[in-house]
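To start, the structure under review is shown below, and the notes come after it.
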Amino acid sequence: MEALPQTLLFGILRSGLYALTALGLAISLGVIGVVNFAHGEFVMIGAYIGFWSYLLMSGPLGLGPAVSPLVIVIGVPVSAVMLYLIAAGIFRVALKPVLRQPEINQMLLTFGLSIIAVNAMSIGFSPQARDANLAWRFDLIDLGFVNVTYSRVAGFAVSAVLVGATYVLLRRTRLGKQMRAVAQNRLGAQVIGIPVDRIYEIAFGLSAALGAAAGVMLLFQTQVSPYLGLSTLLKSFSIVVLAGLGNLTGVIWASLLLGIAEQVISQYVPNGSALRDGLFFVLIFVVLLARPTGLRR
Amino acid sequence: MRRELVGWGVFLVIAAALPALGVAGDRYLMFLANVMLMFMTLALSWDVVARTGQLSLAHGAFFGLGAYTVGIAYRSGHVPPLAGLLLAALVGGLVAIVLGVVTLRLRGIYFAIATLAFAEVLRTVALQLPDITGGNVGISMPPLFDGDRVLSYYLIGAVFVLALALSIWVRRSRMQYAVTAIRANETVAAVVGVNVVRTKVSLFAASAVLAALVGAFYMPFITHTDPADAFDTTRSVAALVFPIFGGLYTTIGPVVGTLLLRSLEEYLRVTPPWKDGYQVVYGLVIVVAVLFMPRGLVGLATERLRRSPWRSSK
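Listed in order, the protein sequences are those of chains A and B. If you're matching positions, the first sequence starts at 268 in our numbering and goes up one per residue. If you're matching positions, the second sequence starts at 481 in our numbering and goes up one per residue.
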């Protein structure tokens, strides 16, 4: 259990979902310039939608062993689309009016939304953590030198596909070009006729959709509870800070760094799990002290 | 200026006379009076940081830090609560300076993120160091003033007066110009000669000292704390929702906001469908206030006054 290749592999697998979650946060920060304190709640609500799809498929529909792949094939897109719509709605109603206001108002607004989401879910669907007993969570794949669960591989694969697709979207499509233009210079983008508010709305929806997909994949690894947003948010923040605010390519490297570092610490440091959970803060603190603009650049 | 000070003087006299007005006999009301002063102090201290345009999500954490400082000092060295209070103020101030120096040089986003992360880390640390903090079980200590809630009321009242003085001083001194300039535009503020970082850090530190004092009071007042309770995020939320509701960047706003919302919370807590769900109300208050009443109740009130036909237009 102490082989280095295994530690690295687990670290890399762990970093997949980190990247997916953090990329959403980085998009809302980079494109719109808003710190979204409710991003963790997008992940949480996304996870609940995945959880309900699991309940539906394993209960009334009785799909049995096919449930694990179906949660990915159906649950992920459904959850992502729903969160896209929710976030686009939130953008129109609440976020757009404060975009020109001081930063503190924007942060307060998203923080308020996060409090509403957590507590509304807690009242509506009990504050108890719930477990999706997805088979893939425990089924092992033998890779020769090590066994990994299907869930970890699936989580990484889904993340890799979605993160990759997002980069293609940003790099290769007209919409992506527009988003990058808006991110670089809002006024300039407006001048050349890009519908800035519309791009903001899409970017915010996209960031929530990525978070929701990550939320569904979290079902394979942990329990869902209304409170899972905070730790997700904090880790995403540390990745985004590490990458440099709004730097989208940096997110991948930063996620790998966090994932591998966490895995190494919990493997090789005695009583490392405590240290592992605080690592994101150490990272934030050290990066802010040494290189506030992020590690790359 | 004078009218405002007279107003606060009257407020303090009434507050000081409260126990004598028959409240002293009612242990619940006396408890509530103590709690109100605690949260008014938290709200006032949060608002002082907000005036520099910074969002602190760590006021609950400094509260917890203060509570644990007193608890640990008592547990390991039998330090009496009043000496613990001073120790907590010192610890809170020093930690705030370190946190502030690192994060307040940068964009406001970093400060907000770091304060949120800081709160979470303190909770984790308190859980993971059971030899010092008692871990999950927490720390107990004998009741403050043997449970005399009138004496404790005057003690937290003294802390409240400190917060009140800080809030009024910042608004009435040269500090107000510095703070307003920083909030409007840090670069311009620096150009006109404001030491931006030092102003932000010192106000944050002063504010954290107050929050730590409230926590340090809370610990022997309640007689027990544990990580989940001391670092409860709802306190950080309360510290910011009360001033927002009452009126940001004022002194009366945080006080009135606390009185109204904390009373509402007290009611909702015992009302079946809500219980802990009163937090939803706080979230709604924040969102609605930011969108529709950015200056809170104070803003609404002054607007009304200005439009009032009874007031001669100048």
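Cβ coordinates follow ideal geometry from the N, Cα and C atoms, glycine included.
Report the residue from B:V681, B:P752, B:V717 whose alpha carbon sits nearest the alpha carbon of T738 (chain B).
Of B:V681, B:P752, B:V717, the residue nearest in Cα terms is B:V717.
Under a Cβ-count criterion, where at least 16 other Cβ atoms within 10 Å of its own Cβ denotes burial, should R715 (chain B) be classed as buried or exposed?
buried
Quick check on N514 (chain A) - is its C-beta less than 8 Å from some C-beta in chain B?
no
If the cut is a Cβ gap below 8 Å, which residues of chain E does A396 (chain A) touch?
Protein chains A and B are contained in the structure displayed, whereas chain E is not.
Mind checking the region 280-298 of chain A against chain B and listing, in chain order, the residues whose C-beta falls within less than 9 Å of any C-beta there?
L296
At a CB-CB cut-off below 7 Å, which residues of chain B make contact with F392 (chain A)?
What F392 (chain A) touches in chain B: nothing, since even the nearest Cβ is about 12 Å away.
Cβ closer than 7 Å: which chain B residues qualify as neighbours of A361 (chain A)?
V767, L771
With a cut-off of 8 Å, does the C-beta of M311 (chain A) fall near any C-beta of chain B?
no
The alpha helix (DSSP H) that contains R575 (chain B), what's its start and end?
Before going on, a small fix: residue 575 (chain B) reads as Val here, not Arg. Start and end: 561-583.
Does the CB of L586 (chain B) have a neighbour CB from chain A at under 8 Å?
yes
Measuring CA to CA, which of A:S393, A:G517, A:L525 is closest to T499 (chain A)?
If we check each option's Cα against that of T499 (chain A), A:L525 comes out closest.
Between the alpha carbons of N665 (chain B) and T433 (chain A), how many angstroms are there, rounded?
35 Å
To the nearest whole angstrom, what separates the beta carbons of V745 (chain B) and L512 (chain B), a pair I think is in contact under 8 Å?
According to the sequence provided, residue 745 (chain B) is Glu. The question's Val does not apply to it. Rounded, the Cβ-Cβ distance is 11 Å, inconsistent with contact.
Leaving out five residues on either side along the sequence, give the residues of the same chain with a beta carbon under 7 Å from the beta carbon of M520 (chain B).
Shown here for M520 (chain B): same chain residues with a beta carbon closer than 7 Å to its own, the five before and five after excluded, namely F640, P734, V735, T738 in chain order.
Leaving aside the five residues before and after R564 (chain A) along the sequence, list all residues of the same chain whose C-beta is less than 6 Å from its C-beta, in chain order.
Unreliable positioning characterises R564 (chain A) in this predicted model, as indicated by a pLDDT of 47, which lies under 50. The coordinate reading is nonetheless provided below. Closer than 6 Å at Cβ, skipping near neighbours: G511.
Would you identify the three-state DSSP class for L410 (chain A), choosing helix, strand or coil?
coil
Near L515 (chain A), which residues of its chain fall below 8 Å by C-beta distance, leaving aside the five closest residues on each side in sequence?
L290, A293, I294, G297, Y434, L437
The alpha helix (DSSP H) spanning H539 (chain B) covers which residue range?
539-557
Should F547 (chain A) go down as buried or exposed, given a rule of 16 or more other Cβ atoms within 10 Å for buried?
With at least 16 other beta carbons inside 10 angstroms of its own, F547 (chain A) counts as buried.
When the Cα of I506 (chain A) is compared with those of B:V529, B:F543, B:Y554, B:A594, which residue comes out closest?
B:A594
Which residues in the same chain as G221 (chain A) place their Cβ atom closer than 6 Å to its Cβ, once the five residues preceding and following it in sequence are excluded?
The question about residue 221 (chain A) has no answer here: the residues shown for chain A are numbered 268 through 564.
Measuring only the C-alpha atoms, how far is T679 (chain B) from V659 (chain B)?
8 Å
At what residue ranges does the region 411-463 of chain A contain a whole run of the alpha helix (DSSP H), taking only runs of 4 or more?
Complete alpha helix (DSSP H) runs here, min 4: 417-439, 441-451, 453-458.
Cβ of G763 (chain B) less than 8 Å from any chain A Cβ?
Answer yes: the Cβ-Cβ gap between G763 (chain B) and chain A drops below 8 Å somewhere.
How should E529 (chain A) be labelled, buried or exposed, when 16 other C-beta atoms within 10 angstroms of its C-beta is the threshold for buried?
buried
Check each candidate in B:V765, B:G627, B:T532 and name the one with the smallest Cα separation from G580 (chain B).
When each option's Cα is compared against that of G580 (chain B), the closest is B:T532.
Can you find a CB in chain A that lies within less than 8 Å of the CB of V717 (chain B)?
At a cut-off of 8 Å between C-beta atoms, V717 (chain B) counts as an interface residue with respect to chain A.
Among the candidates A:L555, A:R447, A:I339, A:P493, whose CA atom is the shortest distance from the CA of G391 (chain A)?
A:P493
Sorted by chain position, which residues of the same chain lie with C-beta nearer than 8 Å to N616 (chain B)'s C-beta, five sequence neighbours on each side aside?
L607, P610, D706, P707
Which same chain residues, not among the five before or five after S792 (chain B), have their C-beta less than 7 Å away from its C-beta?
Its pLDDT being 45, under 50, S792 (chain B) is placed unreliably in this model, and the coordinates cannot settle the point.
For chain A, is any of its Cβ atoms less than 8 Å away from the one on A594 (chain B)?
yes
Step through the CB atoms of chain A and report whether any lies within less than 8 Å of the CB of T583 (chain B).
Closer than 8 Å: yes.
Mind checking the region 599-623 of chain B against chain A and listing, in chain order, the residues whose C-beta falls within less than 9 Å of any C-beta there?
Closer than 9 Å at the C-beta level to chain A, one finds these residues of the region 599-623 of chain B: E600, V601, T604, V605, L607, Q608, L609.
What runs of the alpha helix (DSSP H), each 4 residues or longer, lie entirely inside the region 467-516 of chain A?
495-510
Within this structure, are the beta carbons of A576 (chain B) and L501 (chain A) separated by less than 8 Å?
no
With a cut-off of 8 Å, does the C-beta of A387 (chain A) fall near any C-beta of chain B?
yes
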